[in-house]
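In my numbering, the protein residues as written are 56 to 378. Notes follow the structure.
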């Protein structure tokens with residue numbers, strides 16, 4: 056858990072949490088909230104946010120301002136707000152980043168205070184949920200990466216699974232249903248204060264400026280009960296926890312054996328099937344995603360037969376080597 060720059064006290068906590076979760080699949084953690092505002096956790100969270108840089112949120116506060124004020128003092132005030140349960144997140148500043156296809160991708164920028172708090176929560180929660188994530192999930196995990204996912208696809212194609220469902224989900228981050236995600240979290244966490252923190256972050260209002268510079272505020276996530284902000288420190292973990300439900304369902308029904316092998320990277324996924332199975336696999340994908348209240352993007356999802364056709368996954372093009 057952690058890396059070389061992670062303080063030894065934080066590493067010890069993470070190792071203990073991971074070991075407990077790994078050895079007891081049914082164990083539910085009941086005393087985690089006080090770990091989030093531990094001074095070593097908050098200070099490491101600050102350092103992580105500092106190294107990631109990032110723009111200010113709605114309050115305009117940046118790293119230099121906090122350093123002038125005094126980092127220890129600022130973190131102490133955040134710890135007190137958490138301890139006394141007076142902490143409230145600020146709205147997210149929403150900006151739009153152009154995508155390769157010309158469309159815009161919404162990105163949520165939380166305030167520095169909220170980013171530090173989310174990172175602290177992630178330092179405590181990630182070791183627990185990491186113990187539960189299946190091998191088919193490659194994104195946002197220590198010791199796993201896109202290159203490994205690509206190699207797994209390569210190997211599976213080599214072993215003859217050459218009918219591929221190249222799948223795309225419609226707005227995965229923006230579609231994750233809050234109630235179902237909270238149930239997935241509560242399977243491991245009984246500390247209601249931690250669950251309340253996460254709920255507040257998911258339901259945050261979003262502020263954006265129109266072309267005239269006027270600020271509008273929306274409470275879409277709270278009103279619809281779905282969506283996690285892309286760009287927030289806790290979102291990758293939440294996205295993985297919810298995607299785990301799909302992977303487990305696929306395996307529970309034996310579809311990894313009868314239909315096809317899954318390789319997922321966040322909301323990018325492929326199903327590698329033996330000949331004649333891809334149509335059925337795609338239908339099962341639609342069914343399971345529907346039950347999870349997620350939608351397959353039919354425009355971007357297709358069946359590809361290698362080597363006659365090629366498909367792209369995580370920046371690599373597959374298929375030409377097998378002719």
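From the three backbone atoms N, C-alpha and C, an ideal C-beta is built for every residue, glycine too. Values in this document were obtained by computation on a predicted structure and should not be read as measured data.
query	result
Could you check how far apart the C-beta atoms of residue 231 and residue 175 are, in whole angstroms? I think they sit under 8 Å.	In fact, because the Cβ distance is near 22 Å, the residues do not count as touching under 8 Å.
Between residue 243 and residue 83, is the Cβ-Cβ spacing less than 7 Å?	yes
Under 7 Å Cβ to Cβ from residue 203, same chain only, skipping five residues before and after it: list those, please.	193
When DSSP builds the beta bridges, which residues end up paired with residue 316?	327
Closer than 7 Å by C-beta to residue 90: which residues in its own chain qualify, once you throw out the five before and the five after it? Chain order, please.	68, 96 and 179
Mind pulling the alpha helix (DSSP H) runs of 4 or more residues that sit fully within the segment 192-242?	201-213, 227-230 and 233-241
Would a C-beta distance cut-off of 7 Å place residue 277 and residue 263 closer than the cut-off?	no
According to DSSP, residue 163 sits in a beta bridge with which residue or residues?	149
Quick one: what's residue 322 bridged to in DSSP?	Bridge partners of residue 322: none, in fact.
Looking at C-alpha atoms only, which residue of 287, 353, 184 and 251 is the closest neighbour of residue 108?	287
So, helix, strand or coil for residue 263, using DSSP?	strand
Any contact of the segment 329-349 with the segment 210-225, i.e. 3+ C-beta pairs under 8 Å?	yes
Give me whichever residues DSSP pairs with residue 249 in a beta bridge.	Answer is none; residue 249 lacks a bridge partner.
What's the gap between the Cα of residue 364 and the Cα of residue 272?	46 Å
If you reduce the DSSP assignment to three classes, tell me which class residue 378 lands in.	Below a pLDDT of 50, predicted positions are generally treated as unreliable, and residue 378, at 41, falls in that range; the measurement from the model is reported next regardless. Correct three-state label for residue 378: coil.
Could you tell me which residues DSSP puts in a beta bridge with residue 93?	DSSP, once it has assigned bridges, lists no residue as partnering residue 93.
Express the C-alpha separation of residue 235 and residue 115 in angstroms, rounding to a whole number.	34 Å
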